[in-house]
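One structure is given below, encoded as structure tokens.
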Amino acid sequence: MSAGNPAIRILIADDHPLLREGVAAVLEQEPDIELVAEASDGLEAVEQFRHHRPDVTLMDLEMPGMGGIEAIQAIRKEFEHAVIMVLTTYKGDAQALRALKAGAKGYMLKSAVRKELVDSIRLLHAGKRCIPAEIATEIASHAVDDALTLREMAVLKCVAAGQSNKVIARELSISEDTVKVHMKSILSKLDARARTHAVTIALRRGIIGP
Numbered sequence: 001m002s003a004g005n006p007a008i009r010i011l012i013a014d015d016h017p018l019l020r021e022g023v024a025a026v027l028e029q030e031p032d033i034e035l036v037a038e039a040s041d042g043l044e045a046v047e048q049f050r051h052h053r054p055d056v057t058l059m060d061l062e063m064p065g066m067g068g069i070e071a072i073q074a075i076r077k078e079f080e081h082a083v084i085m086v087l088t089t090y091k092g093d094a095q096a097l098r099a100l101k102a103g104a105k106g107y108m109l110k111s112a113v114r115k116e117l118v119d120s121i122r123l124l125h126a127g128k129r130c131i132p133a134e135i136a137t138e139i140a141s142h143a144v145d146d147a148l149t150l151r152e153m154a155v156l157k158c159v160a161a162g163q164s165n166k167v168i169a170r171e172l173s174i175s176e177d178t179v180k181v182h183m184k185s186i187l188s189k190l191d192a193r194a195r196t197h198a199v200t201i202a203l204r205r206g207i208i209g210p
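Residue numbers (UniProt numbering): 1 to 210.
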């Protein structure tokens, strides 16, 4: 690149070496993009960001130790103009919305990396947002839904683990009747037919993790 048009400098944070290698292979074909640093977890991503100050950071969400959401929040707190794009396998609208609220400017499914990564990096560097149409549509379709409360999410995670109302009540130090009230609210908010259906919906949308 000429001095007048320096390369777009990239940091990638992902705990899978093969994914990082794949991204590096894609980027090395582009004369206007340079991979300057890699990280295998969120904490390392924050440290590498401080050291390299990349133009665009590619961030996985599920990493050991500090996860992607926490890393995005930490970086944006220290560097408010940081440009971060999430790379993930999860299509869920709730997960995407959490990432965007944390400060991510883009969201990309790992399955689309080879086809869309380079163009998305250039768009982000130009000040644009980058969100797949399917995820943007999901976010919009649930925009007016009532969100689950923290207690309802705790109950739903217990249900996902296969626990009965009795066990959930003991686990959360509430009565079985209260568990039933929470479940009724959960089914209503998620438009679910039954407990297992509610868990399926919550996993698909990223409301609770796998």
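From the three backbone atoms N, C-alpha and C, an ideal C-beta is built for every residue, glycine too.
For residue i and residue j, I'd like the C-alpha separation in whole angstroms.
i, j, result
"Gly89", "Leu172", "It should be noted that the sequence gives Thr, not Gly, for residue 89. Their Cα atoms are separated by approximately 31 Å."
"Val199", "Lys157", "8 Å"
"Arg114", "Val26", "7 Å"
"Gln95", "Gly206", "5 Å"
"Ile186", "Ala82", "36 Å"
"Asn5", "Thr137", "35 Å"
"Ala192", "Asp177", "20 Å"
"Ile121", "Arg204", "27 Å"
"Ala24", "Leu35", "7 Å"
"Ile10", "Ser40", "15 Å"
"Glu44", "His182", "39 Å"
"Ile139", "Lys180", "28 Å"
"Gly68", "Ile174", "32 Å"
"Lys91", "Leu109", "7 Å"
"Leu124", "Ile8", "10 Å"
Going along the chain, which residues of its own chain have a beta-carbon closer than 7 Å to the beta-carbon of residue i, five neighbours each way excluded?
i, result
"Ile84", "Thr57, Met59, Ile72, Ile75, Gly103, Ala104 and Lys105"
"Glu30", "Val118"
Count the other CB atoms within 10 Å of the CB of residue i; is the residue buried (16 or more) or exposed (fewer)?
i, result
"Glu28", "exposed"
"Gly162", "exposed"
"Asn165", "buried"
"Arg20", "buried"
"Ser111", "exposed"
"Asn150", "Checking the sequence shown, residue 150 turns out to be Leu, not Asn. So Leu150 counts as exposed."
"Pro54", "buried"
"Leu18", "exposed"
Counting only the same chain and skipping the five closest in sequence on each side, list residues whose C-beta sits under 8 Å from that of residue i.
i, result
"Tyr107", "Met85, Val86, Thr88, Ala96, Ala99, Leu100, Cys130, Ile131, Pro132 and Ile135"
"Ala147", "Lys189"
"Ile167", "The sequence given here has Val at residue 167, not Ile. Counting only Cβ-Cβ distances below 8 Å, and skipping sequence neighbours, we find Cys158."
"Ile208", "Met153, Leu156, Lys157, Ala160, Val199 and Ala202"
With DSSP as the reference, please indicate the residues paired to residue i in a beta bridge.
i, result
"Cys130", "Gly106"
"Met59", "Ala13 and Val86"
"Ile207", "Bridge partners of Ile207: none, in fact."
"residue 222", "In the structure displayed, the chain extends from 1 to 210; residue 222 sits before or after that span and is not available."
"Ile8", "Ile33"
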